[in-house]
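Data block below; observations after.
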Amino acid sequence: MHPLLHTKDNFACEDLMVALEECHAKGFLWKSMGMCNDQKEKLSTCLKIERYKNQSTNRNGVADKKDKIRQLWKEIDENS
1 MHPLLHTKDN FACEDLMVAL EECHAKGFLW KSMGMCNDQK EKLSTCLKIE
51 RYKNQSTNRN GVADKKDKIR QLWKEIDENS
């Protein structure tokens with residue numbers, strides 16, 4: 001399965017994960033006829049949205065850290 005399906009931080013898509021697993025549990029023929037495609041598409045969309053949220057949070061965190069480092073280097077340069 002997709003690695004994001006096993007993380008504890010992904011509560012927003014939990015109901016979609018359960019629905020897809022239940023659909024897959026119905027058997028190979030059910031999956032092969034495309035009966036689970038709707039659940040899979042909804043789950044993929046949800047996971048993309050969650051990934052974009054995490055990426056934006058990480059980018060903002062990195063920008064804050066870079067600003068802090070620049071400020072520290074500026075103080076070091078001023079003191080030397």
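Here the UniProt record's numbering is used: the first residue of the sequence shown is 1, the next is one more, and so on.
Beta carbons: idealized from backbone N, C-alpha and C, even for Gly.
The model shown is predicted, which means the values in this text are computed figures rather than measured ones.
Whether A25 touches I49 by CB criterion (9 Å) = Taking 9 Å as the cut-off, the Cβ atoms of A25 and I49 do not count as close.
Jot down the residue ranges of each uninterrupted alpha helix (DSSP H) in the stretch 11-40, minimum 4 residues, whole runs only, in chain order.
-> 14-25 and 28-32
Between the Cα of G34 and the Cα atoms of L20, T45 and L47, which residue gives the shortest distance?
-> For the residues L20, T45 and L47, the minimum Cα distance to G34 belongs to L20.
Give the single residue among S80, K8, D64 and M17 whose Cα lies nearest to the Cα of K42.
-> With distances taken between Cα atoms, K42 lies closest to M17.
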